[in-house]
Amino acid sequence: MTASDATQSLGAALRIAPAFVATAVDYESGVETTIEAQYRTDRGRYVLTMILNRAIAADFSEYRLKHTAPQAILQAAIPQCIALQLDDSADAKRTTVADLTTGEGRIIPPWLAQAVVKRGVKDERWEVVEILYGTAALSELPPVKLIALELGVPERTASDWIKSARAAGWLVGLTSNVGRPADI
1 MTASDATQSL GAALRIAPAF VATAVDYESG VETTIEAQYR TDRGRYVLTM ILNRAIAADF
61 SEYRLKHTAP QAILQAAIPQ CIALQLDDSA DAKRTTVADL TTGEGRIIPP WLAQAVVKRG
121 VKDERWEVVE ILYGTAALSE LPPVKLIALE LGVPERTASD WIKSARAAGW LVGLTSNVGR
181 PADI
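Per full-length UniProt numbering, the very first residue in the sequence shown carries number 1; after that it's consecutive.
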């Protein structure tokens, strides 16, 4: 999956792949799991449409074959399905959220997080909130917690920023039912 596969606009700054197939191999248990997911506008997230488990080793774990963890695969795959453009210049290219993610698992670089939490920074903040909210919502992770963690702010502040970003028109088409409600 590359940024060019993200063809569907979502919100003000995001593009997503309308559907994807992801495969994870657990060599220890001898099981391979393939999932297929499609973005559903009515649900505001990716929905699993197929899960396929198969044994790939003679001594595979029957338990692991019967009890798969598709949510973990979904959450690992989605950052590769979300693309954004960080620059407004004519020759700017889109990049995936997975490409932005650092070795420490952070999506937003620390310098950007520090810049958007400063007083008076609005549109840039809402754009970052949209990126983080979209990544969390599409992955069925709690957006408030992810935004608080990534930007180093209290969850209450993250919740307020989500409400403000939505009111400013930044979270169109994005919804989440995961985590602590933020009246969103």
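C-beta atoms are modelled at their ideal positions from N, C-alpha and C, and glycine is treated no differently. All values derive from a computational prediction rather than experimental measurement.
- Around Phe-20, the same chain offers Met-1, Ala-37, Ala-77, Cys-81 as residues with beta carbons nearer than 7 Å, after the five sequence neighbours per side are excluded.
- Using a Cβ distance threshold of 7 Å, Ile-108 and Pro-70 do not count as a contacting pair.
- Of the residues assessed, Gly-134 falls on the buried side of the cut-off, its CB having 16 or more other CB atoms within 10 angstroms.
- Proximity to Asp-5 across Glu-127, Gly-11, Pro-18 peaks at Pro-18, based on C-alpha coordinates.
- Here Leu-171 carries a coil assignment [DSSP, helix/strand/coil].
- Below 8 Å, enough C-beta pairs join the region 44-51 and the region 128-142 to call them touching: three or more.
- Contact check between the region 81-97 and the region 59-68: fewer than three CB pairs, one atom from each, fall below 8 Å, which does not count as touching.
- Residue pairing by DSSP places Gln-80 opposite no residue, since no beta bridge is assigned to it.
- In the DSSP assignment, Glu-36 falls within the unbroken beta strand (DSSP E) covering 31-40.
- Here the alpha carbons of Pro-142 and Glu-32 stand approximately 27 Å from one another.
- Separation of the CB atoms of Val-153 and Val-128 is rounded to 11 Å, and the pair is thereby denied contact status at 8 Å.
- Membership of Val-47 in any alpha helix (DSSP H) is not indicated; the residue belongs instead to the beta strand (DSSP E) covering 45-55.
- Here Val-25 carries a strand assignment [DSSP, helix/strand/coil].
- Boundaries of the beta strand (DSSP E) harbouring Ser-9: 8-10, taken from the DSSP string.
- The bridge partners DSSP lists for Arg-15 are Ser-9, Ala-83.
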